[in-house]
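Asks: Numbering (the working numbering), first residue to last: 21 to 477. Glycine is no exception: its CB is placed at the ideal position from the N, C-alpha and C atoms. Submitted below is the structure of interest, expressed as structure tokens.
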Ligand SMILES: *Cc1c(COP(=O)(O)O)cnc(C)c1O
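Printed below as a string of structure tokens:
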């Protein structure tokens, strides 16, 4: 390729308006929301980088697939189209549709969890951890040490600490019903897991007789990183790498709101017949009949088409490059970001940018609110607001205070991202003038969604 610019590999066929607002309007909106960005009306947000979950644009062919949906209660042909698309990449014997990822987790851990059990993972996503703990079992994170250091440039910071996993399975013999590995490692900065690490993780699990499941939400982004960064993988098809990843596991849970390009959806897939039957019975209790789960036939067809599109190399090259474009520009402007840049988001290091704001005065919240007030950009605090409250009601600083800018798939153009870069630069220039916050009202659990804040004088 003689050209430097990687263009969006699509053109826009249908558009939604983006309402322009002024700093004064945004100030009014954020005060009314108690300085909590989850409390904003989405129409008051100009560039919404709160999450990449279910917020992407569907393609023309996905909308066409919606028209093809068959809404039969049982035995819908849309289920077969969905199942075949899943099995083309993940050839597990049983494919069980759910309304989103956490429903698959709830069903699996209802079947496998319970008091005295433990489930290791590189890093559990928050809903995964919550569903395991709700069953009475323990959720344990065993990511490599490099994965805990935001400045470390290791190419596969999502890797499992295989020696620690081996030791854990030895010391918890008979207590581990399943081991997990999350690709990419969302809670660890969207960092990938190497194929070699997956092979070793799989071998350790097999040696201990413990099934290995993938939390595969961003499997295609992970496979692209493998193709780009892992020796010997450069000439492979992404779909082929994905099939090898699947061959190393015994099952998977999935949020189809991520790489499958859906606005809703998920699934549970596995090989074990008896466990699949147990899960299907639980599915009928809370989600629906096994050929639709929590979804309409039309949703199943849109996801099948999304799965065909997400493994396209031009799409993935654009996806990973456009996330890095934002991260690299911020780093070049001297704004501290978690390195290397992950697949679906850029994480600003608020504690490093705002050293004058103590962790218990929420530097991540201060930065997120400033990005919104300044430019209408909505990110998500991932720090002491989200993780600081302890079970006994006390408070302590989280390991890191970050602001995540997650990029919805195929939704914003490069000029939108150039604007986001400018907004970040403007906020960084006035960093010294930013003040911390205190919480004036909060619930006992998951406070970041509904807490209300007041700025410190
Ligand atoms: C989003 C996500 C989930 C949960 O999926 P939902 O569809 O939001 O319920 C689980 N694991 C990871 C890694 C995720 O990113």
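Is it a yes or a no for the stretch 108-119 touching the stretch 262-275, going by three-plus beta-carbon pairs under 8 Å?
Replies: Counting Cβ pairs under 8 Å, three or more are found: they touch.
Asks: Starting from residue 117, trace the beta strand (DSSP E) both ways and give me its first and last residue.
Replies: Locating residue 117 in the chain shown gives position 97, where the first residue counts as 1. Looking at the DSSP string, the run of the beta strand (DSSP E) that includes residue 117 is 114-118.
Asks: Give, in chain order, every unbroken run of the alpha helix (DSSP H) that is at least 4 residues long and sits entirely within the stretch 61-148.
Replies: Within the stretch 61-148, the complete alpha helix (DSSP H) runs of at least 4 residues are 80-87, 97-109 and 121-132.
Asks: Curious, which full-length beta strand (DSSP E) runs of at least 3 residues does the stretch 196-264 contain?
Replies: Within the stretch 196-264, the complete beta strand (DSSP E) runs of at least 3 residues are 199-202 and 232-235.
Asks: Any idea what DSSP makes of residue 57, helix, strand or coil?
Replies: Position 37 of the chain shown holds residue 57. The answer is helix: DSSP assigns residue 57 an H, G or I state.
Asks: Can you find at least 3 beta carbon pairs, one from the stretch 315-323 and one from the stretch 83-90, that sit closer than 8 Å?
Replies: Because the criterion of three Cβ pairs below 8 Å is met, the stretch 315-323 and the stretch 83-90 touch.
Asks: Mind checking who residue 343 pairs with in its DSSP beta bridge?
Replies: Translated into positions along the chain shown, residue 343 becomes position 323. BP columns for residue 343 are empty, so no partner.
Asks: Residue 131: buried (16+ other C-beta within 10 angstroms of its C-beta) or exposed?
Replies: Stepping through the chain shown from its first residue, residue 131 is reached at position 111. Under this definition residue 131 is a buried residue.
Asks: Measure the C-alpha to C-alpha separation of residue 204 and residue 451 and round it to an integer number of angstroms.
Replies: As a first step, residue 204 is located in the chain shown; it is residue number 184 there, counting from the start. As a first step, residue 451 is located in the chain shown; it is residue number 431 there, counting from the start. When rounded, the distance between both Cα atoms is 31 Å.
Asks: For residue 192, which residues of its own chain have a beta-carbon under 6 Å away from its beta-carbon, when the five flanking residues on both sides are left out?
Replies: On the chain shown, residue 192 is found 172 positions in, with the first residue counted as 1. Here the set comprises 138.
Asks: Comparing the CB of residue 404 with every heavy atom of ligand 1, is any distance shorter than 7 Å?
Replies: The count along the chain shown starts at 1 and reaches residue 404 at position 384. Not so, every heavy atom of ligand 1 lies at least 7 Å from the Cβ.
Asks: Quick one: does the C-beta of residue 120 sit closer than 7 Å to a heavy atom of ligand 1?
Replies: Residue mapping note: residue 120 aligns to position 100 of the chain shown, counting from 1. Yes; taking the cut-off as 7 Å, the Cβ of residue 120 has a heavy atom of ligand 1 nearer than that.
Asks: Between residue 128 and residue 288, what straight-line distance do the alpha-carbon atoms span, to the nearest angstrom?
Replies: As a position in the chain shown, residue 128 is number 108, starting the count at 1. As a position in the chain shown, residue 288 is number 268, starting the count at 1. Between residue 128 and residue 288, the C-alpha separation is close to 8 Å.
Asks: Along the chain, where does the alpha helix (DSSP H) that runs through residue 439 open and close?
Replies: Reading the chain shown from its first residue, position 419 is the one you call residue 439. Segment 434-449, the alpha helix (DSSP H) holding residue 439.
Asks: With distances taken between CB atoms, is the gap from residue 172 to residue 213 smaller than 8 Å?
Replies: In the chain shown, the residue the question calls residue 172 occupies position 152. In the chain shown, the residue the question calls residue 213 occupies position 193. Taking 8 Å as the Cβ cut-off, residue 172 and residue 213 do not qualify as a contacting pair.
Asks: Residue 267 by DSSP, collapsed to three states: which one?
Replies: On the chain shown, position 247 is the one that residue 267 refers to. In the structure shown, residue 267 sits in a helix (DSSP, three-state: H, G or I).
Asks: Identify which residue in 444, 381 and 426 has its Cα closest to the Cα of residue 417.
Replies: Numbered from 1 along the chain shown, position 397 holds the residue referred to as residue 417. Checked all of 444, 381 and 426; the closest Cα to residue 417 is 381.
Asks: Considering residue 353, what are the terminal residues of the beta strand (DSSP E) in which it resides?
Replies: Position 333 of the chain shown, counted from the first residue, corresponds to residue 353. No beta strand (DSSP E) contains residue 353, which DSSP labels as neither H nor E.
Asks: What does a CB cutoff of less than 8 Å around residue 238 pick up in its chain, not counting 5 residues either side in sequence?
Replies: Residue mapping note: residue 238 aligns to position 218 of the chain shown, counting from 1. Excluding sequence neighbours, residue 238 sits near 203, 204, 206, 210, 278, 279, 363 and 364.
Asks: Give every residue of the same chain whose Cβ lies closer than 6 Å to the Cβ of residue 356, excluding the five residues on either side of it in the sequence, and list them in chain order.
Replies: Position 336 of the chain shown holds residue 356. Same-chain partners within the cutoff: 369, 372 and 373.
Asks: For residue 249, which residues of its own chain have a beta-carbon under 6 Å away from its beta-carbon, when the five flanking residues on both sides are left out?
Replies: By one-based count along the chain shown, residue 249 stands at place 229. Counting only Cβ-Cβ distances below 6 Å, and skipping sequence neighbours, we find 175.
Asks: Shortest alpha-carbon distance to residue 408 belongs to which of 99, 135, 468 and 136?
Replies: Within the chain shown, the letter at position 388 stands for residue 408. Among 99, 135, 468 and 136, the Cα nearest to that of residue 408 belongs to 468.
Asks: May I ask you to report which of helix, strand or coil DSSP gives residue 273?
Replies: Taking the chain shown and counting its residues from 1, the one referred to as residue 273 is at position 253. Strand.
Asks: On the DSSP bridge list, what partners appear for residue 457?
Replies: As a working mapping, residue 457 is identified with position 437 in the chain shown. 475, per the DSSP bridge assignment.
Asks: What ranges does the beta strand (DSSP E) occupy inside the stretch 359-400, keeping only unbroken runs of at least 3 residues that lie completely in it?
Replies: For the stretch 359-400, whole beta strand (DSSP E) runs of length 3 or above, ordered along the chain, are 365-369.
Asks: Have a look at residue 126 and residue 384 and give me their C-alpha separation to the nearest angstrom.
Replies: Walking along the chain shown from the start, residue 126 turns up at place 106. Walking along the chain shown from the start, residue 384 turns up at place 364. Roughly 30 Å separates the two Cα atoms.
Asks: Does the stretch 335-351 touch the stretch 21-30, meaning 3 or more C-beta pairs lie closer than 8 Å?
Replies: Verdict: yes, contact present.
Asks: Just how far apart, CA to CA, sit residue 421 and residue 43?
Replies: Translated into the one-based positions of the chain shown, residue 421 becomes position 401. Translated into the one-based positions of the chain shown, residue 43 becomes position 23. About 25 Å.
Asks: For residue 153, does the three-state DSSP call read helix, strand or coil?
Replies: Here residue 153 corresponds to residue number 133 of the chain shown, with the count starting at 1. In this structure, residue 153 counts as helix in the three-state DSSP scheme.
Asks: Based on the DSSP secondary-structure assignment, which residues constitute the bridge partners of residue 286?
Replies: In the chain shown, the residue the question calls residue 286 occupies position 266. For residue 286, which the question treats as bridged, DSSP gives the partners 118 and 275.
Asks: Contact defined as beta carbons within less than 8 Å: I believe residue 350 pairs with residue 427. What is the distance between those atoms, to the nearest angstrom?
Replies: As a first step, residue 350 must be located in the chain shown, where it is residue number 330. As a first step, residue 427 must be located in the chain shown, where it is residue number 407. Not a contact, Cβ separation roughly 13 Å.
Asks: Express the C-alpha separation of residue 97 and residue 40 in angstroms, rounding to a whole number.
Replies: Along the chain shown, read from residue 1 onward, the residue named residue 40 stands at position 20. Along the chain shown, read from residue 1 onward, the residue named residue 97 stands at position 77. Going by the C-alpha atoms only, they are around 44 Å apart.
Asks: With distances taken Cα to Cα, identify the nearest neighbour of residue 379 among 457, 330 and 471.
Replies: In the chain shown, counting from the first residue as 1, residue 379 sits at position 359. Looking at the Cα atoms, 457 is the closest of the given residues.
Asks: Apply the 10 Å Cβ neighbour rule to residue 313 and answer buried if 16 or more other Cβ atoms are within range, or exposed otherwise.
Replies: Numbered from 1 along the chain shown, position 293 holds the residue referred to as residue 313. Classification for residue 313: buried.
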